[in-house]
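Note sheet for the following structure.
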Amino acid sequence: MSGTRILAIAQRIIRQFGHDKRTLTLLFFVPIVVISLLGPLLTTKTTFKIGLVDEDKPFAPPASAAAKPAVPPPVIPGMSPPALGNKAPGERPKPKPVKVSDRAIDALKADGDLTVTVVREKEIPSLLRDGQSVAVLKFPANFSKELLSGGSPKATIVVDGSNPSRAQGAIAKVQKALASQGKSDSKLSIDVGYRYGGDNFDALDYFAPAFIAFFAFFFVFLLTSVSFLRERGQGTIERLMSSPASRLEIILGYQLGFIVFATIQVAIIMLYTVYALKVHYIGNIGAVFLVEFLLTLVGVNMGIFFSSFAANELQVIQFIPIVIIPQALLSGIVMSVEEMPKYFRWLAEVMPLTHANNALKGIMIKGYSLGEVSFEIAFLIGFALLMVVLSAATIRRRIA
Amino acid sequence: MESVAMAKELVKEFKGVRALDGLSLEVPSGITYGLLGPNGAGKTTLIRILVGIASPTAGEAIVLGRRPGSSGNAREIGYMTQLPALYQDLSVAENLEFFAKVFGLEKKGERKQRIDEVLELVEMTGKQDSLVSSLSGGMKQRVSLACSLVHAPKLIFLDEPTVGVDPSLRRAFWDHFKRLNSEGVTIIVSSHVMDEAERCDRLGLLRRGRLLIEGSLSEILSATSETKLEEAFLALERDGLDNEKAGLA
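If you read the protein sequences in the order shown, they are chains A and B.
Just so we're aligned: 210 in our numbering is position 210 of the first sequence, and the numbers increase by one with no gaps anywhere.
Just so we're aligned: 107 in our numbering is position 107 of the second sequence, and the numbers increase by one with no gaps anywhere.
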């Protein structure tokens, strides 16, 4: 094993990319652009335009019913019953007319994520068709009367179901707004404590560690595959294989060259997310770079291995949907692995990016030590070693 | 004369196709040995086995007293592939520097001296900072030869080295090969240009993975009763075909 030869190969890779400014731009600045685009998308609050048809009429409950309601009047989930007067015993109360829907409307208007417009019933179809409202809430004419007489009247909500996630979002928002109004009357209060993260954490805090892993893996895999394919295509691998450099030295040289770029890339992403996007990180930076190092090892060797199955650069690009996209979907970037169907979880568990994500989220969000992510580290080391063996075994493919 | 490369009954099959079919030959030290034959004759396959980057399906080879591909050999062997085999996105000097290091020239001063020497040899002095991708095909060929010679190997394999090289530079290449021979360096060169073959000390004529004949130019001409190598080759090829037909009959 010769350090000079390994260094020579690493230095050559660095020089090659040094001449290729466009690839360097891709490597260092594309992650910043993508994160800048995704950041606002992940953190911007969704707002909903709600139409409201209020046909409810004020109703003055009978004095006896007002003094002692026969049935507690649950109305809309989370909403507390209306105040029905508070007179001293013996005093004959004179009930005031109550319009229950007004309180609900106030609650909806108080929610910053909802824009409420009072409309007439006949406008409902055009509002939903034209997208002026995503949902229309309707209180029927006898809503207060039925409610205050001990009945269970129903308000209805009509949604634009063509976008199911938005429709569900609107329903949830309306229910939440009404529920929060209910809570303000309640004596129950909950102090919320955060074991990890905090109320100032948003989706970007959760996703940022995954971006670091994804970009490093994606670019290292792609660039190694193309670089190695070129080695084969232009015949330099033949010259290298005829030299005293062993297969392991070639692999280590590649590894070392790409580590330099991956490290710079991580540093840029970290600096940008911490200082420009104000992402919260609490973990040990050394541990982050260790995970990154292992992931680069995996990426380089997977790149060498897969390049032996590609005849040209177009075929390397075909590895993106085979190698990259499944990992992007299943490694916990899009959806938490625990929430996936069982068979997807099994797949996710054998993917290196899943374990790199778990480790980075643990270190960066929860402040875990390396010991606490030792399984993930061990998996990455094991996977990297497997890939070293496979890439060394296939390095001569298409030559010998 | 001591032999630097020896092949014995070499067979190489690729997916059922026989590229080498029981080929044997021996190359003495300090000469230029020409491997001649049409495309597909097995010249490149033979060179790759002797260099150590391909393994034979059967038979054996000994190069510089060792099995091909052994680590001791690599430092002493130079190999110029058919393709220029250069990093297109590096400069001429960066390519030479890289291959000099990989082939074991560890001292910076020694490297610089050798790089200057080979640049002069291939008449590329002054072009060392040009990116290889910006060079013409002939220039790339010259740089490729320089990369094969930079570590001063004892045995040099050149796979069609003068393709795309203009006649005056081709002559310069051959003059240099002769100079290397006089310093004890052995050159094994493949070609399908008969004029060039006449400059070789010994020749092996290959066809369909077999050695048709081997010897010096005069030996081959006298054995075939021809006056030109090209005619000799065609005569041998005809005989080969006749023999095959006879065998089939």
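Even for Gly, the Cβ is constructed at its ideal location relative to N, Cα and C.
Return the chain-ordered list of same chain residues with a C-beta closer than 6 Å to the C-beta of G184(B), the five sequence neighbours on each side being excluded.
-> Same-chain partners within the cutoff: G30.
Residues in the region 8-19 of chain B with C-beta within 8 Å of chain A's C-beta atoms, listed in sequence order?
-> The region 8-19 of chain B vs chain A, Cβ under 8 Å: nothing.
Determine the direct distance from the alpha carbon of Q132(A) to that of K187(A), and round the result to whole angstroms.
-> Because K187(A) carries a pLDDT of 45, less than 50, the predicted location of this residue cannot be relied on, and no value is offered for it.
Strand pairing of M6(B), partner residues [DSSP] = Paired residues: E26(B), I62(B).
Under a Cβ-count criterion, where at least 16 other Cβ atoms within 10 Å of its own Cβ denotes burial, should P125(A) be classed as buried or exposed?
-> Label assigned to P125(A): exposed.
Within the same chain, show all residues whose beta-carbon is closer than 8 Å to that of F305(A), passing over the 5 residues directly before and after it, in chain order.
-> Excluding sequence positions up to five before and after F305(A), its CB lies within less than 8 Å of the CB of M387, L390, S391, T394, all in the same chain and listed in chain order.
Are the region 279-287 of chain A and the region 226-239 of chain A touching by the rule of at least three beta carbon pairs closer than 8 Å?
-> Counting Cβ pairs under 8 Å, fewer than three are found: no touch.
Which residues in the same chain as A208(A) place their Cβ atom closer than 7 Å to its Cβ, once the five residues preceding and following it in sequence are excluded?
-> Spatial neighbours of A208(A) in its own chain (CB-CB distance under 7 Å, excluding positions within 5 residues in sequence) are listed in chain order as T273, V279.
Whose Cβ in chain A lies nearer than 7 Å to the Cβ of V51(B)?
-> By Cβ distance, chain A contributes S242.
Would you say V102(B) reaches chain A, if we count a Cβ-Cβ gap shorter than 7 Å as a contact?
-> Yes, V102(B) lies at the interface with chain A (some Cβ there is under 7 Å from its Cβ).
Give the range of the alpha helix (DSSP H) segment to which M335(A) is assigned.
-> No alpha helix (DSSP H) contains M335(A), which DSSP labels as neither H nor E.
Answer with yes or no whether the minimum CB distance from Q16(A) to chain B is below 7 Å.
-> For Q16(A), the answer is yes, since a Cβ of chain B falls inside 7 Å of its Cβ.
Chain B contacts made by the region 144-178 of chain A, where a contact means CB separation under 8 Å | Across the region 144-178 of chain A, no CB contact with chain B closer than 8 Å is found for any residue.
Determine which residues share a DSSP beta bridge with R18(B) and list them.
-> Note: R18(B) sits in a beta bridge opposite E13(B).
Per DSSP, L83(B) is paired with what?
-> According to DSSP, L83(B) bridges with nothing at all.
Under a Cβ-count criterion, where at least 16 other Cβ atoms within 10 Å of its own Cβ denotes burial, should N358(A) be classed as buried or exposed?
-> By the 10 Å Cβ count, N358(A) comes out buried.
Residues within the region 205-236 of chain A neighbouring chain B, beta-carbon criterion of under 7 Å | Of all residues in the region 205-236 of chain A, only Q234, G235, T236 place a beta-carbon less than 7 Å from a beta-carbon of chain B.
Presumed contact (8 Å Cβ cut-off) between F217(A) and L295(A), rounded CB distance | Rounded, the Cβ-Cβ distance is 5 Å, consistent with contact.
Indicate the three-state DSSP secondary structure (helix, strand or coil) for R207(B) in the structure shown.
-> Look at R207(B) here: in three-state DSSP terms it is strand.
On the DSSP bridge assignment, give the partners of T115(A) in chain order.
-> In the DSSP output, where bridge partners are listed per residue, T115(A) has K49(A).
Quick one, which of F157(B), D201(B), R171(B) has its alpha-carbon nearest E123(B)'s?
-> Among F157(B), D201(B), R171(B), the Cα nearest to that of E123(B) belongs to R171(B).
Distance between P97(A) and P62(A) (C-alpha atoms, nearest Å) = Approximately 10 Å, taken between the alpha carbons.
The region 301-319 of chain A: which residues have C-beta closer than 9 Å to a C-beta of chain B, in chain order?
-> Hits within the stretch: zero.
For A262(A), decide whether its Cβ has a neighbour in chain B, counting only Cβ atoms nearer than 7 Å.
-> Using a CB distance cut-off of 7 Å, A262(A) does not count as an interface residue toward chain B.
Short check: CB of G78(B) to CB of L169(B), under 7 Å?
-> Going by C-beta atoms, G78(B) is not nearer than 7 Å to L169(B).
Please report how far the alpha carbon of P161(B) lies from the alpha carbon of A146(B), in whole angstroms.
-> Note on geometry: alpha-carbon atoms of P161(B) and A146(B) lie some 11 Å from one another.
Reduced DSSP category for S391(A) - H, G, I as helix; E, B as strand; rest coil | Residue state for S391(A) is assigned as helix, using DSSP reduced to three classes.
Just tell me which of L252(A), I268(A), D205(A), G299(A) has its CA closest to the CA of T43(A).
-> Among L252(A), I268(A), D205(A), G299(A), the Cα nearest to that of T43(A) is on D205(A).
Excluding the 5 residues preceding and the 5 following I251(A) in the sequence, name in chain order all residues of the same chain whose CB lies nearer than 7 Å to its CB.
-> For I251(A), where only same-chain residues beyond five positions count, the Cβ hits under 7 Å are N301, I304, V388, S391, A392.
Let me know the secondary structure DSSP gives A457(A) once reduced to three states.
-> Only positions 1 to 400 of chain A appear in this structure, which leaves residue 457(A) out of reach.
List the DSSP bridge partners of T224(A).
-> Answer by DSSP bridge pairing: none, since T224(A) is not bridged.
Kindly list, in the order they appear in chain A, the residues whose Cβ is closer than 7 Å to that of E94(B).
-> Chain A residues near E94(B): R15.
L222(A) vs A177(A) beta-carbon contact at 7 Å | No, the Cβ-Cβ distance between L222(A) and A177(A) is not below 7 Å.
Name the residues in the region 106-135 of chain B whose C-beta lies less than 8 Å from a C-beta of chain A; which are they?
-> From the region 106-135 of chain B, only E106, L131 have a Cβ closer than 8 Å to chain A.
Would DSSP call K187(A) helix, strand or coil?
-> With a pLDDT of 45 at K187(A), under the threshold of 50, the modelled position of that residue is not reliable, and the figure given next carries that caveat. The answer is coil: DSSP assigns K187(A) none of H, G, I, E or B.
Starting from K138(A) and walking both ways along the beta strand (DSSP E), at which residues does that stretch end?
-> Note, K138(A): beta strand (DSSP E), 135-139.
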